[in-house]
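There are 2 protein chains.
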Amino acid sequence: MVGRRRDPRVGPRLTAMGRPARFPADLILDGAARLLAEGGPGAATTTAVAAAIGAPSGSLYHRFGSRDLLLARLWVRTVGRFQAVFLAALAHPDLDRAAVDAAVAVPVWCRAHPDEARVLLLHRRAELVGRWPAELDGELATLNDAVAAALAEHTRRRYGTAGGAELARATFALVDVPHAAVRRHVAAGVAPPAEVDALVRETVAALLG
Amino acid sequence: MVGRRRDPRVGPRLTAMGRPARFPADLILDGAARLLAEGGPGAATTTAVAAAIGAPSGSLYHRFGSRDLLLARLWVRTVGRFQAVFLAALAHPDLDRAAVDAAVAVPVWCRAHPDEARVLLLHRRAELVGRWPAELDGELATLNDAVAAALAEHTRRRYGTAGGAELARATFALVDVPHAAVRRHVAAGVAPPAEVDALVRETVAALLG
DNA sequence: CCAGTATTAGAGCGCGTTCTCCAATACTGG
DNA sequence: CCAGTATTGGAGAACGCGCTCTAATACTGG
Numbered sequence: 006m007v008g009r010r011r012d013p014r015v016g017p018r019l020t021a022m023g024r025p026a027r028f029p030a031d032l033i034l035d036g037a038a039r040l041l042a043e044g045g046p047g048a049a050t051t052t053a054v055a056a057a058i059g060a061p062s063g064s065l066y067h068r069f070g071s072r073d074l075l076l077a078r079l080w081v082r083t084v085g086r087f088q089a090v091f092l093a094a095l096a097h098p099d100l101d102r103a104a105v106d107a108a109v110a111v112p113v114w115c116r117a118h119p120d121e122a123r124v125l126l127l128h129r130r131a132e133l134v135g136r137w138p139a140e141l142d143g144e145l146a147t148l149n150d151a152v153a154a155a156l157a158e159h160t161r162r163r164y165g166t167a168g169g170a171e172l173a174r175a176t177f178a179l180v181d182v183p184h185a186a187v188r189r190h191v192a193a194g195v196a197p198p199a200e201v202d203a204l205v206r207e208t209v210a211a212l213l214g
Numbered sequence: 006m007v008g009r010r011r012d013p014r015v016g017p018r019l020t021a022m023g024r025p026a027r028f029p030a031d032l033i034l035d036g037a038a039r040l041l042a043e044g045g046p047g048a049a050t051t052t053a054v055a056a057a058i059g060a061p062s063g064s065l066y067h068r069f070g071s072r073d074l075l076l077a078r079l080w081v082r083t084v085g086r087f088q089a090v091f092l093a094a095l096a097h098p099d100l101d102r103a104a105v106d107a108a109v110a111v112p113v114w115c116r117a118h119p120d121e122a123r124v125l126l127l128h129r130r131a132e133l134v135g136r137w138p139a140e141l142d143g144e145l146a147t148l149n150d151a152v153a154a155a156l157a158e159h160t161r162r163r164y165g166t167a168g169g170a171e172l173a174r175a176t177f178a179l180v181d182v183p184h185a186a187v188r189r190h191v192a193a194g195v196a197p198p199a200e201v202d203a204l205v206r207e208t209v210a211a212l213l214g
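Those protein sequence lines, which keep their order, are chains E and U. Each number in this note's numbering corresponds to the 1-based position in the first sequence with 5 added. Each number in this note's numbering corresponds to the 1-based position in the second sequence with 5 added.
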């Protein structure tokens, strides 16, 4: 990405850092996330994202090579940020505590990051990015590995095995159920109410008790 | 919709039915649903829908006034078809049987109608239609009334009251949980496995028992 | 101060999309 | 057979979109 216009024939000139960026990559991604949260994929046109942060459209294409690449990087960043808190909760040594905390981390995170929650919960990757850029399919392939491993490890410690049925049960309880609980509120644009957390706790306890 | 080109000045001529349609509305909607299920909203262009059923694009605009109107009618039709089976199950006199059957009706319906399930579960109305046509916002406003009423009635009979907490619990158990249970399978393009039904039954029993 | 470089800045191209338009067509009831 | 009408069929206009391109610009280390 960086140094795209540099002619390699001039040799390894290591000096000169160049003009500093007025519109850093994360600022652009923030703008895209906001437009996406407000108006869906159709609203996150390149010119709209540029206008939202006061940048020329050329700057977006200088930093990201294409619209798909921009949205793909936003997707990776958003998934990573959510998974960080989910995995941290799931790492608690006490199994029941880990399960309930991880599940409740979903509504908590949605309250703290409403725009990113809308990006993550209201859109599928395929319809957001369209054609996933080849240079990012390495990251895509391993995106869910950490969560999958943590769920398998949790299942193994809880049941002594990580067979299909047990893993499916844990995935349902810790991933699908919390998503189900918050989705209508995220879609409505309001913070999930406190009763959501109670329902999630109760459901997780019933399924994994 | 019909008779759009008729000049009202010629008076009430009630004879003549006109040329029969080679591409009825439901055929067009079926094509749109298939493209939508396979490739998302971006794949359901008017020319693509027309090509999918071998019709000229003009026929789509003759029957539906616009792409938004076409997709809006597809949305209404799909929601209605799903709700019919959900409500039928929820109408069972035995409360527990009604609850479990209604919840399990979701994975059952997804297996029977995979394309429509993808339309309904994988896309939100706002991003599918864009600008909802004014002539259909009457139907939109009452779309969920029947389900809302049935859920409220079920809650009232079960708890003696349809207060916010109880209604939220029933909605979570009978709507959100089944949707969450099938979603990953519908998104993956495979029929929800039988264990989904078992998890849904168990969750509903735990939440409403 | 200078050479080198990354970035800004914005005008504009090409493409795919929705939608319009009109003649031709195939059926109706009488 | 006829008048009336809904529908087909397809070409193309109008528009918005992603993306490209070139010059100007604002920094860097030496």
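The beta-carbon is built from N, C-alpha and C at its ideal position, and this holds for glycine as well.
For the candidate residues E:Ala167, E:Ala30 and E:Val187, whose alpha-carbon lies nearest to that of E:Val113?
Nearest of E:Ala167, E:Ala30 and E:Val187 to E:Val113, Cα basis: E:Val187.
Applying a beta-carbon distance threshold of less than 8 Å, which residues of chain E neighbour U:Phe1?
The displayed coordinates of chain U run from 6 to 214. Any statement about residue 1 of chain U would go beyond what the structure contains.
Neighbouring residues, chain U, relative to E:Gly194 (Cβ below 8 Å):
What E:Gly194 touches in chain U: nothing, since even the nearest Cβ is about 11 Å away.
Secondary structure at E:Ser71, three-state DSSP: helix, strand or coil?
In the structure shown, E:Ser71 falls within a coil segment according to DSSP collapsed to helix, strand and coil.
Does the beta carbon of U:Phe91 come closer than 8 Å to any beta carbon on chain E?
With 8 Å as the cut-off, U:Phe91 does not count as an interface residue toward chain E.
Where does U:Leu148 sit, in a helix, a strand or coil, going by DSSP?
Looking at U:Leu148 - three-state DSSP - the assignment turns out to be coil, as it is neither helix nor strand.
Mark E:Ala117 as exposed unless 16 or more other C-beta atoms lie within 10 angstroms of its C-beta, in which case mark it buried.
That one is exposed.
The stretch 62-69 of chain E in contact with the stretch 120-135 of chain E per 3-pair CB rule at 8 Å:
Too few Cβ pairs lie closer than 8 Å, so no.
If the cut-off is 9 Å on Cβ atoms, which residues from the stretch 174-185 of chain U count as contacting chain E, listed in chain order?
Within the stretch 174-185 of chain U, the residues whose Cβ lies closer than 9 Å to some Cβ of chain E are Arg174, Thr176, Phe177, Ala178, Val180, Asp181, Val182, Pro183, His184 and Ala185, listed in chain order.
Using a Cβ-Cβ cutoff of less than 8 Å, which residues in the same chain neighbour U:Arg39 once the five nearest sequence positions on both sides are dropped?
For U:Arg39, where only same-chain residues beyond five positions count, the Cβ hits under 8 Å are Ala57 and Asp120.
Apply the 10 Å Cβ neighbour rule to E:Phe76 and answer buried if 16 or more other Cβ atoms are within range, or exposed otherwise.
Position check: residue 76 of chain E holds Leu in this sequence, whereas Phe was assumed. So E:Leu76 ends up on the buried side.
For the stretch 22-50 of chain U, enumerate the residues whose C-beta is nearer than 8 Å to any C-beta of chain E, in chain order.
Going along the stretch 22-50 of chain U in chain order, one finds Gly45, Pro46 and Gly47 with a Cβ nearer than 8 Å to chain E.
By the 10 Å Cβ neighbour count, where 16 or more other Cβ atoms means buried, how is E:Arg24 classified, buried or exposed?
Taking every protein chain shown into account, the CB of E:Arg24 has fewer than 16 other CB atoms within 10 angstroms, so this residue is exposed.
Neighbouring residues, chain U, relative to E:Ala170 (Cβ below 8 Å):
The answer, in chain order, is Glu200.
Since U:Leu212 meets chain E, which of its residues come closer than 9 Å, beta carbon to beta carbon?
Simply Leu204, Glu207, Thr208 and Ala211.
What would DSSP say about E:Phe28, mapped onto helix, strand or coil?
Collapsing the DSSP output to three states places E:Phe28 in coil.
Check whether the stretch 93-106 of chain U touches the stretch 27-45 of chain U, taking contact to mean three or more Cβ pairs, one atom from each stretch, closer than 8 Å.
Touching, no.
For E:Ala178 and U:Val124, what's the separation of their Cα atoms in angstroms?
Answer to the nearest angstrom: the Cα atoms are 25 Å apart.
When you compare only the Cα positions, how much space is there between E:Cys115 and E:Ala93?
Their backbone Cα atoms lie some 16 Å apart in a straight line.
For U:Ala155 and E:Thr52, the rounded distance between their alpha carbons:
Rounded to whole angstroms, E:Thr52 and U:Ala155 show a C-alpha spacing of 46 Å.
Going along the chain, which residues of the stretch 107-132 of chain U sit with their C-beta nearer than 7 Å to a C-beta in chain E?
Hits within the stretch, in order: Leu127, Arg129, Ala131 and Glu132.
May I ask you to list, following chain order, the residues of the stretch 64-86 of chain U that have a beta carbon less than 8 Å from some beta carbon of chain E?
Listed in sequence order: no entries.
For a minimum of 4 consecutive residues, which ranges assigned as the alpha helix (DSSP H) are wholly contained in the stretch 117-201 of chain U?
Correct list: 119-127, 130-134, 142-147, 150-164, 169-176 and 182-193.
Would you mind telling me which residues of chain E sit closer than 7 Å to U:Gly135, beta carbon to beta carbon, in chain order?
Simply Gly47.
Could you tell me if U:Thr147 is buried or exposed, where buried requires 16 or more neighbouring beta carbons within 10 angstroms of its beta carbon?
Exposed is the call here.
For U:Arg72, the nearest candidate out of U:Leu34, U:Gly169 and U:Ala89 (CA to CA)
The shortest Cα separation from U:Arg72 among U:Leu34, U:Gly169 and U:Ala89 belongs to U:Leu34.
Report yes if the C-beta distance between U:Arg161 and U:Ala170 is below 8 Å; otherwise report no.
It is not a contact, given that the beta carbons lie outside the stated cut-off.
Enumerate in chain order the residues of its own chain whose CB-to-CB distance from E:Arg11 is below 6 Å, with the five nearest sequence positions on each side excluded.
Confidence in E:Arg11 is poor, its pLDDT being 41 and thus under 50, which makes the residue's placement too unreliable to answer from.
Leaving aside the five residues before and after U:Pro182 along the sequence, list all residues of the same chain whose C-beta is less than 8 Å from its C-beta, in chain order.
Just to set this straight, residue 182 of chain U is Val in the shown sequence, not Pro. Excluding sequence neighbours, U:Val182 sits near Ala108, Val205, Thr208, Val209 and Leu212.
Please say whether E:Val81 and E:Leu141 have beta carbons closer to each other than 8 Å?
In this structure, E:Val81 lies closer than 8 Å to E:Leu141 by Cβ.
Secondary structure at E:Thr83, three-state DSSP: helix, strand or coil?
E:Thr83: helix per DSSP, three-state reduction.
In whole angstroms, give me the CA-to-CA distance for E:Pro29 and E:Thr50.
Those two C-alpha atoms are separated by around 18 Å.
Backbone CA spacing between E:Ala151 and U:Ala55 [nearest angstrom]
Take the alpha-carbon of E:Ala151 and the one of U:Ala55: they are about 44 Å apart.
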